[in-house]
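**Student:**
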Amino acid sequence: MSNNKTIIEVYKSTELAGANMIFNTYRKKLIAIFVVIAMVPTIIIALGINLKVEDEIVKNTIRDKAKSLEHEVEKVDIWFQDKEKTLETASNNYSFLKDIIGSENSKDRLRKYLNTQILNNKEFLNLYIALEDGTDYFSIKGFDPKVDTKNRPWYRNAKLAGGPIWTQPYRDMITNEKVITLSTPIYDNTGNFQGVVGADFKVETIVDTIKNINTLKDSSTYLVGPTEKIYKVIGKDILAKEDDEKVKSFLDYIKFRNYGQKEFEIGKGYISIHSTISSIRWKVASITPKEYFYGNTNRINKYLALALVLTLILALILAIIVSRIFSRSLDKLIEGTREIQDGNYNYKINLNNNDEFGQLAEGFNTMAATIRDKTKELIENNSSLQEMNIELEASYEQLEATTDQLNESESRYRSLIENMDEIVWVIDNNFNIEFLNDKINDMMGYCKNQLIGKNFNEIIRKCGDLNYDLLEQIKEEDLKNYPFICVNKKGKEIITEISTNRIYESNRLVAIQGVIRDVTNRSIMEKEIIRRNNELSTINKISKTLNSTMDLETLLKNMTRDIVNMLDIPLCSIRLLTENNKLKPVAHYGELSNIVSEDNIGIDEDVIGEAVRKGKIVVLNKKDKKKMNKYNKGFFSKKSKVNFANIIPIKNRNEVLGVMLIATKEPVEKSELNITLSLSNQMAMVIDNINLYQDLKEGYIKTIKTLAAAVEAKDKYTEGHSLRVSKYSKIISRYMGFSNEFCDEIEFAGILHDIGKIGISDTILGKPGALTDQEYEIITKHPTIGSNILENTGFSNIIMNSIKYHHKRYDLKGYPKEDNIEPLPIEACIVGVADAFDAMTSSRSYRKAMDFEVAIKELQDNKGTQFHPDVVDVVIKIFKEEKESIKEIATTKI
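Heads up: the sequence shown begins at 323 in the numbering used here, then just goes up one per residue.
1. Secondary structure at G1072, three-state DSSP: helix, strand or coil?
2. Check whether the stretch 969-979 and the stretch 885-901 are in contact - that is, three or more C-beta pairs closer than 8 Å.
3. Is DSSP giving S1118 helix, strand or coil here?
4. Taking only runs that begin and end inside the stretch 907-955, name each unbroken alpha helix (DSSP H) of 4 or more residues, in chain order.
5. For V1132, which three-state DSSP category applies?
6. Cα-Cα, which of D1141, I1121 and V964 is closest to K1130?
7. DSSP puts D458 in a beta bridge; with which residues?
8. Whole angstroms are fine: how far does the CA of D1195 sit from the CA of E426?
9. Report the partner residues of T822 according to the DSSP bridge assignment.
10. Decide if E1063 is buried, meaning its Cβ has at least 16 other Cβ atoms within 10 Å, or exposed.
11. Do the stretch 1092-1101 and the stretch 1146-1163 touch if we need at least three Cβ pairs shorter than 8 Å?
12. So, under 8 Å CB-CB, I762 and I796 are touching, yes? Tell me the CB distance rounded to an integer number of Å.
13. Taking just the CA atoms, how far does I1178 sit from S505?
14. Using only the alpha-carbon positions, how far apart do V832 and A641 sit?
15. May I ask you to report which of helix, strand or coil DSSP gives T598?
16. State the DSSP-derived secondary structure class of A1212, mapped to helix, strand or coil.
17. Please classify A723: is it buried, with 16 or more other beta-carbons within 10 angstroms of its beta-carbon, or exposed?
18. Compare the C-alpha of A412 against each of E445, K444 and L449 and name the closest.
19. Enumerate, from N- to C-terminal direction, the unbroken beta strand (DSSP E) stretches of 3 or more residues contained entirely within the stretch 621-650.
20. Distance, Cα to Cα, I1111 vs S1118?
21. Classify G484 as helix, strand or coil using the three-state DSSP reduction.
22. Note the first and the last residue of the continuous alpha helix (DSSP H) segment covering Y804.
23. For I825, collect the residues of the same chain with a Cβ closer than 6 Å to its Cβ; drop the 5 residues on either side in sequence, then sort them by chain order.
24. Answer with buried or exposed for P1191, where buried requires no fewer than 16 other C-beta atoms within 10 angstroms of its C-beta.
25. Report back the beta-carbon spacing between V519 and I451 to the nearest angstrom; my notes put them in contact at under 8 Å.
26. How long is the line joining the alpha carbons of R493 and M1058, rounded to whole angstroms?
27. For F1070, which option in K1049, G1078 and D1084 has the closest C-alpha, if you only look at C-alpha atoms?
28. Are the CB atoms of L905 and I925 nearer to each other than 8 Å?
29. Using C-beta distances below 6 Å, list every residue in its chain close to T876, excluding the 5 sequence neighbours before and after it, in chain order.
30. Considering only residues of the stretch 1155-1194, which uninterrupted alpha helix (DSSP H) runs meet the minimum length of 4 residues and lie entirely inside it, listed in chain order?
31. With three or more C-beta pairs closer than 8 Å as the rule, is the stretch 396-410 touching the stretch 373-383?
32. So, with DSSP's three-state summary, where would you put F1060?
33. Cutting at 8 Å between CB atoms, please list the residues of its own chain near V964, excluding the five before and the five after it.
34. Measure the beta-carbon distance from F1097 to I1086 and round it to whole angstroms, keeping in mind my assumption that it falls under 8 Å.
35. I'd like to confirm the pairing. Which residues does DSSP put opposite M982 in its beta bridges?
36. For L831, which beta-bridge partners are listed by DSSP?
Spelled out as structure tokens, the structure:
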């Protein structure tokens, strides 16, 4: 009875408390709840749809715009790549340009060539070539920059990059135009850097090229350089409508202070989309009004607003209907509650509803019967409690068993941790150490009991290079095999790796556990593997070097350089044994090369000769004062810091050809000595092969000279002519920069160029007077006869072309007439000029020898018609620089 009274009183007090409120009735509250329940999800869904659709539409439009702009910029970038290829083509013509450089009127000839390139590429403002020796060539006549071109940024950057480089805008000193320079390096046939070829473009030309970019309607496109200069390309000048702060923020964006974004909002009215021209690193930015992207979303907003209004009306109507239905049942329940309060337990609420109100009414109807049956229910509940107590006791026993298992698992876990080879530690979120295993004593020399409870930051600072910042990093992220150097209690460095794992409870960091692993031995092995790999690579390189050339001097210089790099030593020198048992210095390399004596050392004068006499490796120690002399004491000065000189014999088939000296600060390992000894043996075989090659070459030359002598024996006036032509041809080829192999071939060709005269009658060759037309026709056959004689000998094209076409003129007149070739091979041009020069400066049966100056003038007068102009220019240069050598060759006889 008291309980029922309390319920009614609470109800009445609640009703009285809310009497003055807006929702003072259940019906009004129910209507409000229904409306809220109906409208809140609808509004959320509508807003979500609106934001998602609007976001997707705008993003897709912006993304399409960005892709379109990138595509347009890529097409513009092709223009720049095309200019790079054009300039690279000019640099690749260096072999052709080299023939012009250094010749008479070379600046005018190169200027014409550069102007021809400008005519073919009208975008070029200026074109120039700057060589490493300081020589400059410009397309603008008479321009002298009076500055060191090699210090200009476009020269230095192209040399460093090894490829095409674009500069940023600057004011050109020639044209006073604002330009951008494209430059690319020049290399010769052997890959050596020779200079830079460059081309200037007006900045306006660059801007005009980019005007071809297609943009959206009402958009404006700007070109932004690294110097913050903005060029308007297409559309209205939108930026001019913005204040200075908006322009500054736009420039900040273009300078990638907001990198990673594809679009950027300028103020409240515009969106900028940009892309980069990769060749010149300029930015192309397209600015478009926001209405362009957001215009299509207004219609969607109208539909959503209409849907919200209709939903609100429908929800309100339904709420009123439902509230009336629920209120009717509630009124009957209130009436029944009042009857019970008055003690009428026989009162029944007649509700036939199958919902909660029907159930509540049935509950009121059975309340009296429930009170009567309360005692019986209490007894039954007591029985149930006893059964639950039995179940709890069983659960407690099971919990004890589980606890024992956990204790056993923890014991095993601790045993496992204590026996690990790594330091295992646990710290709290303040870096205080909570756990350490015994490995800390073995690895670092510290007792774990002394460290537990202390701050991890303090301990790690003692052990290694971790600091507080890195410990904060451990707190922010898990590390995996992070390398660092520890120093143990005895001061020994230990290479370790650290791995960490953070522990969270209820999204709160409570501890960090980690492992420190000693990887010193592994690191040493890795370094040893790398060192061995470098040694093998160098040995392979040296082996290739040994077979790359027959030039002994070049070979030995490359060997000393590679050995110094392989062993990381301050000096390697090589001496070869002469016929009088002297060790002659032939090659040395390293930072101590300046202390190598240039004197020939007798094998009995110095300890270095001991390696020759014994044929074994000799090691000279800095402490061996008795063996010091003027040849070796320089190696052991305080400045050099060298303590050992290792002398290794260069032997082939038990014959010592020389020695190799290696100066080191520390004793050379046995493996390194074995490698060096093996290399010296290979070197000895190559030296022996080169000597054999030189012997064969000398015999080959003697045979060729014998053939030439047989021809010249038919005419006493031509004695020595072939040998002189050979020498003239070789010196011309050398001045023109051809390879050693080419120079050797041209030397042979000069000796054999008149071999065909062996098939010409002596009466014609030695005729003192003028030849008849028939005799002259016979004489013109000797190049073809010589070519036919040597056709199956296997001579190179250089020799065969020189023999057959040395009387062919530069303008392709001359003989043999039946051969139409274009262009005339350069080797034939060289031998032809040498032949003519010797013929003019030698006496003949029908005239006296010309003076050298007269012969030079004759060559110059016929330059470009009978003679190749570049070859003539080289002969003039040789005559000016080596006049005595020319006179010496002119006196040569077989």
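Virtual Cβ for every residue (Gly too), placed ideally from N, Cα, C.
A quick note: this is a predicted structure, and the numbers were derived from the prediction, not measured.
**Tutor:** On the basis of the supplied data:
1. Three-state DSSP puts G1072 in a helix.
2. These segments touch.
3. S1118: coil per DSSP, three-state reduction.
4. For the stretch 907-955, whole alpha helix (DSSP H) runs of length 4 or above, ordered along the chain, are 930-936.
5. The displayed chain sequence assigns Tyr, not Val, to residue 1132. Residue state, collapsed to three classes: coil.
6. Shortest Cα-Cα distance from K1130 to any of D1141, I1121 and V964 involves D1141.
7. D458 has A452 as its beta-bridge partners, per DSSP.
8. Approximately 6 Å, taken between the alpha carbons.
9. DSSP, once it has assigned bridges, lists G836 as partnering T822.
10. The residue in question, E1063, is exposed, as its Cβ has fewer than 16 Cβ neighbours within 10 Å.
11. Contact between the stretch 1092-1101 and the stretch 1146-1163 is absent, because fewer than three Cβ pairs lie under 8 Å.
12. 18 Å between Cβ atoms; not a contact.
13. Taking the straight line from one Cα to the other gives about 40 Å.
14. Their Cα atoms are separated by approximately 51 Å.
15. T598 sits in a strand when the DSSP states are folded into three classes.
16. If DSSP states are grouped into helix, strand and coil, A1212 belongs with the helices.
17. Label assigned to A723: exposed.
18. Closest by alpha carbon: L449.
19. Counting only runs of 3 or more, we get nothing.
20. When rounded, the distance between both Cα atoms is 14 Å.
21. Looking at G484 - three-state DSSP - the assignment turns out to be coil, as it is neither helix nor strand.
22. DSSP places Y804 outside any alpha helix (DSSP H); the residue lies instead in the beta strand (DSSP E), whose first and last residues are Y804 to V809.
23. Taking C-beta separations shorter than 6 Å and ignoring five residues to either side along the sequence, the partners of I825 in its chain run V832 and A833, following chain order.
24. Per the 10 Å Cβ criterion, buried.
25. So it is a contact: roughly 5 Å between Cβ atoms.
26. About 38 Å.
27. Closest option to F1070, Cα to Cα, is K1049.
28. Contact flag set, yes.
29. Cβ contact annotation for T876 (same chain, cutoff 6 Å, sequence separation greater than five): none.
30. The qualifying runs are 1174-1183.
31. By the criterion of at least three beta-carbon pairs nearer than 8 Å, the stretch 373-383 is not in contact with the stretch 396-410.
32. F1060: coil per DSSP, three-state reduction.
33. Cβ neighbours of V964 beyond the five flanking positions: P892, L893, L914, K944, F957, F958, A985, T986 and K987.
34. According to the sequence displayed, residue 1097 carries Glu and not Phe. That pair is a contact at about 5 Å.
35. According to DSSP, which records beta bridges pairwise, M982 is partnered with I896 and I970.
36. Per DSSP, Y826.
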